[in-house]
C-alpha cells in the first residue's frame, strides 16, 4: 500500500502538482491548513460549519476581530497587542493547559513577584506577567489600580471606606476587602 496516497486521501499531506485529491472541500481545507502553517496562524477548518458573515455582510474570517482580543501576559510586549481593541479575555496557563478567563468574570488582579494572581468568583489562577502590563492593557474605566500590587474590577466594588492618612478600604460584592492606597485614591470614583 502506498502511504503517500493514504495520507493524501486523509488530507494529511499535500498532493504533488497535477495530482487529484479527494473532494473539493477536502482540498480547500488542505490548502487553508498549508497556508496557515506558513503564516503561523490557526485557521478554522470545520466541515460542519461554513463561512459566516460579518455584521456588514462581508465574508467573515475564522473569528471576528472582537473575538481575537486576548490578554496574554507571557508575551514580550506584556500582552499588549498592536490592535486598538481592548482584550475581552485573559489567557492563563496552568501547566500544559491554557484557559481563557473572561474579563467580565475577573474580580481583581494581584501581583505576586513575577506572577499575577487572577481572582474570579470562586477560583484563583496564577500566570506570569506584571501588574503594570495589566494596568496598561485594560480599560481604565473598568479596571483601576488601587495599590502598587492590585488592580480591581470597579463593577465588583460595593463600598469604599476612608481610613486615616488618606488610605481606604474597598469592599467587593463577595465581601472581600482590599486596601486602597492614597497614591491611587484619585483614580477611584
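Residue numbers (our numbering): 328 to 516. Ideal placement from N, C-alpha and C gives every residue a C-beta, glycine not left out.
In the structure shown, residue 425 falls within a strand segment according to DSSP collapsed to helix, strand and coil. For the options 472, 516, 449 and 462, the alpha carbon positioned closest to that of residue 505 is the one of 472.
Comparing alpha carbon positions, the residue from 498, 397, 488 and 510 closest to residue 430 is 397. Of all C-beta pairs linking the region 466-482 to the region 419-437, three or more are shorter than 8 angstroms, placing the two stretches in contact. Taking C-beta atoms under 8 angstroms as the contact rule, residue 495 and residue 483 fail to qualify, at a distance of about 16 angstroms. As summarised for the region 442-491, the continuous alpha helix (DSSP H) elements at least 4 residues long and confined to that stretch are 458-464, given in chain order. When the Cα atoms are used, residue 512 and residue 414 turn out to be separated by approximately 25 angstroms. Cβ neighbours of residue 498 within its own chain (closer than 6 angstroms, five residues either side excluded): 485, 486 and 504.
Per the coordinates, the alpha-carbon of residue 491 lies some 22 angstroms from the alpha-carbon of residue 502. In the DSSP assignment, residue 438 falls within the unbroken beta strand (DSSP E) covering 433-439. CA-to-CA, the gap between residue 426 and residue 454 works out to about 10 angstroms. Distance check between residue 420 and each of 412, 515 and 444 places 444 closest, using alpha-carbon atoms only. Apart from sequence neighbours up to five positions away, the residues of its chain that approach residue 509 with a beta-carbon distance below 6 angstroms are 493 and 494, ordered along the chain. Around the CB of residue 463, fewer than 16 other CB atoms lie within 10 Å, so the residue is classed as exposed. Checking the DSSP bridge columns, you'll see residue 419 partnered with 426.
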